[in-house]
Amino acid sequence: MNIIVCLKQILDPEVPARDFRIDAEKKEAVRGTANLVTNIFCENALETALQLREKTGGRITALVFAPESGEDALRKALAMKADEAVLVINDGHPHPDPLAVAHVLAAAISKIGVFDLVMVGRESGDWGVGQTGGLLAEELGVPCISFVDNLENGTDGLIVTRQTDNGWEKARSTTPLVVTITNNEYNVPRIPKTRDIMMSARQPITRLTLDEIGVDAASIRAGGNYYEIVDISIPVKEVTCEFVTGDSLDERVDQFAKRIIEVTQAL
Amino acid sequence: MIDQQIATRQVLWNITHDWVMYVLFAVSLAIAGYGIYLRLSIWRRGVAVDRFDRPAERIKLLLRHALLQGRTVRERYAAIFHSFIFTGFIILFIATTVVMLDHRFGIPIMRGAFYLYFQSFVVDVFGAMVLVGVGIATVRRAVIRPKKLVYTDEALRILALIFLMALTGFLIEGWRIAATNDPWGAWSPFGYLVARLSESLMSVETMTTAHLWTWWLHSALVFGFIAWAPYTKLIHILTGPLNIYTARLDPSGVILKTLDFENQDAPLGVKTLANFTWKDLADFDACTECGRCTQVCPANTVGKSLSPRDIILDLRDLIRAGGSDPMLAFEQPVVNAVPATAAEALWECTTCGACMEACPVFIEQMPKILDLRRFQVMEESDFPETMQEAITSLESRGHPFRGTQSTRVDWAEGLNVSIMADARDADVLFWVGCGGALIERNQKVVRATARLLEKAGVRFAILGREEKCTGDPARRIGNEFLYDMMVRENVDLLNGYGVKQIVTSCPHCFNTFLNEYPQFGGRFEVWHHSEFLSKLIEDGRLALSEKLDASVTFHDPCYLGRHNGRFDAPRQIVRIASRSSVEMAQTRENGFCCGGGGGMSFVDEPKDKRVNQERARQALETGADVVAVGCPFCMTMLEDGINARKGDRDVRVMDVAEILWQTMEVESKK
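Top to bottom, those sequences are chains A and B. Residue 1 is where the first sequence starts when you use our numbering, and the numbers rise one by one after that. Residue 268 is where the second sequence starts when you use our numbering, and the numbers rise one by one after that.
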């Protein structure tokens, strides 16, 4: 089975809230001292792929659309024992919209060639839009199953388990197929062996430019036009404290009730 | 009175065919030699390491710990019987050599006063001490039965053999004295006693015959002893001194090997016995089975499975079980090869080093555990999940704590602390450490430290957001690769700022900077904050007139105390800054770990087997009002332990810097 796992590199979401800043001008988070890490659901996807390969055999190609820094995500994927790594270099907008990304990934996947399964994380820890997987399936013209946490090889096709609000659904699907992966207790990403980390540093990474995969590079570099970020802000938690006054207890209770009505109506 | 000048005795007396003795001697030497050769051939399988440098220091170590039994005598009971047997053997060996020189080589030294005082009296007394020593040892083994000992038949046979050797020695001496009517007999008091007692029971003829047979029996026992010794724990007579001579000379904080990640063929860490150094393999054969390492092991004390003694002995036995082909043991992975190296036990070690400190023959147990951890982490990626999280966090965030909501500079809010990038002329870098900056409780400690430095007028700065973990937890957990990368990055950063002096309130950072960074080109003057503050007081830069109105007991952090021999500075602060101080039962080099070292603070211990609670119990036992610490990890571990065990008592855990700062605050309020 040929599996392609798409990985997104994001700003470490575990940066302490107090250290989190945004650039209102650029409408993005300020990197500060935070590191770039692989999005956790993408790592869950890779882990699920690795486990599936252990059962069915096949090849796993890790695919990243990012600036040069994306190499780190691919090195880690190789250390976790992905077979191949492809980096599509993003030399344009730092946060292209999901449609633009899906467009790029689809083009890269067509360039890579045959595939049975494309696995992506269900959403990313930075913007959390959660649409790339579905849009990618659309671009590739293959079905998509979302919120998947397990895949097995069935007699005719894959048995795919997806999480729902009420439990799990099992579906049987033919390939090719796109799945978006969510986490469960079994797809916690493995810690690569140091030996494999050392080896991964010497493995080749295929680099592709936007022009090489045959997309409209100009519109991708501009970030796409699927949606527009109008404004971003960090939610502010406001606490105000007010004392209700009054001579007697009854008076204070009255005042208190009155203020509650005023405040709730104001909201 | 007969002239003492001519005093001597007849050697061999009624023994003929004494050439047989030399044949037996040669045979026993050959058998012993083969036994030693077997051991040597095992050691040669190990990786090369130079342990013969700095001979002057090594000879000093040998004299102190082999000849003077420096560590052996730390345990009173063993001190008595072992020195009796040990010195007895030495004196009797000299005596036998004197006989040989006099009789065989015709050098007339066994004469006159020397014969009477040494060869008769002293030798007799020491021979008796051997008997007494064996008796005491037997009582321990048979009656007292301490848990730390290994109860083997071999041990009993050894005691029996030594007892018989000494006993037959006295018998033949006594019978010779009686039968030859030796005029100097009384100079050998115990032989003389045998002589006088025998006279009333036996005829001269019987004594002569008995002497003949017993003499040969005595010879057979002695040669049997020589031949058998290298195949038993008695080999420590040779390997003990060798092990002491080849011991590490640097503080135990320097003990871990760096790895060459360019040379990728060898396994990372220790996979099979062949990946150990020859010294590691020699350690197995030096073990005397005394059990002190396991007795002092904090993990073992609280009932966990880790037993440094059994790691050494199980692996030794694994090698020996190979019999004629000991190499068989060298083909399988060491982890899980024997019960003591079960993977779970390896993750119970706090790397406190108490085992190494306790060992009379300087076996290095802890580094072996680390070698096995390295293999598990780097080659197998098989280690506790919470430690994995710490490693992942170190990789991506530069600190080992998952989900911390603090930043590196939160603790300094409201203080006027310079950042290195803006204050390049600072004299001192205050290295805050992850434990100080990111654990809320410890933020008060680093805050107090910074205010004390400020008060004393020290021109210091911090790295602020540029600071990252020194790499210590990565190394102790076994990820040498990550450690290596972090150290190189930090050395570049620190050298870039031209840092000369580092003050840190974390003993783990302290140890790493002091002992490990020089191997990577990072050479700094490193101070633990207790030392630095203590010096500021000494220099009159911090004056205090108030004392904390409390009785304080100081808990030694392993990486400040045992691993680096710094015991006095924090105690000095406690003494100056508090009403009174008390010591716990296990203190200084015998200090008992808080349970947080070696990456163990990232592991949730079973509720009934917590090292911190045991240490808290020991601290509470002193009756102190304040348990003083000098380490952010000790702080967390002991505060948890004290809170769990203190009951209604009002006991606090405070860092020495906090104690000092509090006295200043009291003063300024007045």
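Backbone N, C-alpha and C fix where the C-beta goes; we use that ideal spot for every residue, glycine too.
Interface partners of residue i on chain B, CB under 7 Å
{"i": "A/Thr33", "result": "Arg732"}
{"i": "A/Pro192", "result": "Ser648"}
{"i": "A/Glu14", "result": "Arg664, Gly670"}
{"i": "A/Asp19", "result": "Thr674"}
Residue i: contacting residues in chain A (beta-carbon distance under 8 Å)
{"i": "B/Phe748", "result": "Thr194, Ile197, Met198"}
{"i": "B/Gln655", "result": "Ile191"}
Proximity winner among the options, relative to residue i (alpha-carbon distances)
{"i": "A/Pro340", "options": "A/Thr209, A/Gly224, A/Ile112", "result": "This structure cannot settle anything about residue 340 of chain A, because the visible part of chain A is limited to 1 through 267."}
{"i": "B/Phe748", "options": "B/Cys701, B/Val684, B/Gln643", "result": "B/Gln643"}
{"i": "B/Ala924", "options": "B/Ile840, B/Thr653, B/Thr854, B/Ser847", "result": "B/Ile840"}
{"i": "A/Pro204", "options": "A/Ala79, A/Ser173, A/Asn2", "result": "A/Ala79"}
{"i": "B/Arg211", "options": "B/Ala541, B/Val893, B/Ala422, B/Pro837", "result": "As displayed, chain B neither begins before 268 nor continues past 937, which places residue 211 of chain B out of reach and without an answer."}
{"i": "B/Ser685", "options": "B/Tyr289, B/Pro508, B/Leu720, B/Gly337", "result": "B/Leu720"}
{"i": "A/Thr302", "options": "A/Asp116, A/Ala29, A/Phe256, A/Phe20", "result": "Look at the range of chain A in this structure, 1 to 267, and you will see that residue 302 of chain A is not part of it."}
{"i": "B/Pro651", "options": "B/Ala610, B/Arg321, B/Asp369, B/Arg343", "result": "B/Ala610"}
{"i": "B/Ala883", "options": "B/Asp907, B/Ile282, B/Glu872, B/Arg276", "result": "B/Asp907"}
{"i": "B/Arg691", "options": "B/Met753, B/Leu760, B/Phe799", "result": "B/Leu760"}
{"i": "B/Pro600", "options": "B/Tyr289, B/Leu535, B/Asp806, B/Leu730", "result": "B/Leu535"}
{"i": "A/Ile232", "options": "A/Gly246, A/Ile22, A/Val5", "result": "A/Ile22"}
{"i": "A/Asp97", "options": "A/Gly224, A/Lys27, A/Arg259, A/Glu262", "result": "A/Gly224"}
{"i": "B/Arg378", "options": "B/Arg325, B/Val278, B/Phe457, B/Met288", "result": "B/Val278"}
{"i": "B/Leu887", "options": "B/Pro740, B/Arg877, B/Asn910", "result": "B/Asn910"}
Own chain residues within Cβ distance below 8 Å of residue i, not counting five before or after
{"i": "B/Val521", "result": "Arg515, Asn782, Glu783"}
{"i": "B/Leu811", "result": "Ile804, Ile843, Ala844, Leu927, Thr930, Met931, Glu934"}
{"i": "A/Asp156", "result": "Arg172, Thr174"}
{"i": "B/Val264", "result": "Absent from the model: residue 264 of chain B. The displayed extent of chain B is 268 to 937, so no value can be given."}
{"i": "A/Asp19", "result": "Gly32, Thr33, Ala34"}
{"i": "B/Thr653", "result": "Phe869, Val870, Asp871"}
{"i": "B/Gln271", "result": "Gly379, Ala380, Leu383"}
Cut-off 7 Å between Cβ atoms - residues of its own chain near residue i, not counting five sequence neighbours on either side
{"i": "B/Ala607", "result": "Ser574, Asp577, Ile578, Asp581"}
{"i": "B/Ile511", "result": "Leu328, Leu329, His332, Ala333, Val628, Phe629"}
{"i": "B/Gly373", "result": "none"}
{"i": "B/Val257", "result": "No information on residue 257 of chain B is available, as it lies outside the stretch 268 to 937 that chain B covers here."}
{"i": "A/Phe256", "result": "Val244"}
{"i": "B/Ile504", "result": "Ala496"}
Neighbourhood of residue i by C-beta distance below 6 Å, restricted to the same chain and skipping five residues each side
{"i": "A/Thr180", "result": "Val120, Arg122, Gly133, Ser146"}
{"i": "B/Ala625", "result": "Arg559, Cys560, Val563"}
{"i": "B/Leu696", "result": "Val766, Ile769"}
{"i": "B/Met268", "result": "Note that B/Met268 has pLDDT 49, beneath the 50 cutoff, so the model's placement of it is unreliable and the number below is only indicative. Once the five neighbours on either side are set aside, B/Met268 has no close Cβ partner at all."}
{"i": "B/Gly864", "result": "Thr617, Thr618, Cys619, Cys825"}
{"i": "B/Thr243", "result": "Absent from the model: residue 243 of chain B. The displayed extent of chain B is 268 to 937, so no value can be given."}
Interface partners of residue i on chain A, CB under 7 Å
{"i": "B/Met645", "result": "Lys193, Thr194, Arg195"}
{"i": "B/Asp638", "result": "The premise fails here: B/Asp638 is roughly 14 Å from chain A at the closest Cβ pair, so nothing lies under 7 Å."}
The stretch 659 to 675 of chain B: positions lying closer than 9 Å to chain A by Cβ = Thr659, Ser660, Glu662, Ser663, Arg664, Gly665, Arg669, Gly670, Thr671, Gln672, Ser673, Thr674, Arg675
Hey, which unbroken runs of the beta strand (DSSP E) at 3 residues or more fall wholly within the stretch 828 to 853 of chain B?
-> 845 to 849
When you check each C-beta in the stretch 35 to 64 of chain A against every C-beta of chain B, which residues fall closer than 8 Å?
-> Asn35, Val37
Give the residues from the stretch 507 to 528 of chain B that approach chain A closer than 8 Å (Cβ to any Cβ), ordered along the chain.
-> Phe528
Entirely enclosed beta strand (DSSP E) segments - the stretch 69 to 96 of chain A, minimum 3 residues = 84 to 89
Considering only residues of the stretch 407 to 463 of chain B, which uninterrupted alpha helix (DSSP H) runs meet the minimum length of 4 residues and lie entirely inside it, listed in chain order?
-> 420 to 447
Could you tell me which uninterrupted alpha helix (DSSP H) segments, each at least 4 residues in length, are contained entirely in the stretch 133 to 157 of chain A, listed from first to last along the chain?
-> none
Residues of the stretch 535 to 550 of chain B whose Cβ lies closer than 8 Å to any Cβ of chain A, in chain order | Leu535
What residues from the stretch 677 to 695 of chain B come within 8 Å of chain A, judged by C-beta to C-beta, listed N to C?
-> Asp677
Those runs of the beta strand (DSSP E) which lie wholly inside the stretch 853 to 919 of chain B and span at least 3 residues | 893 to 896
Whole alpha helix (DSSP H) elements within the stretch 172 to 255 of chain A, 4-residue minimum = 194 to 200, 217 to 221
Pick out the complete beta strand (DSSP E) segments inside the stretch 754 to 818 of chain B, 3 residues or longer, and give them in chain order.
-> 768 to 771, 792 to 795
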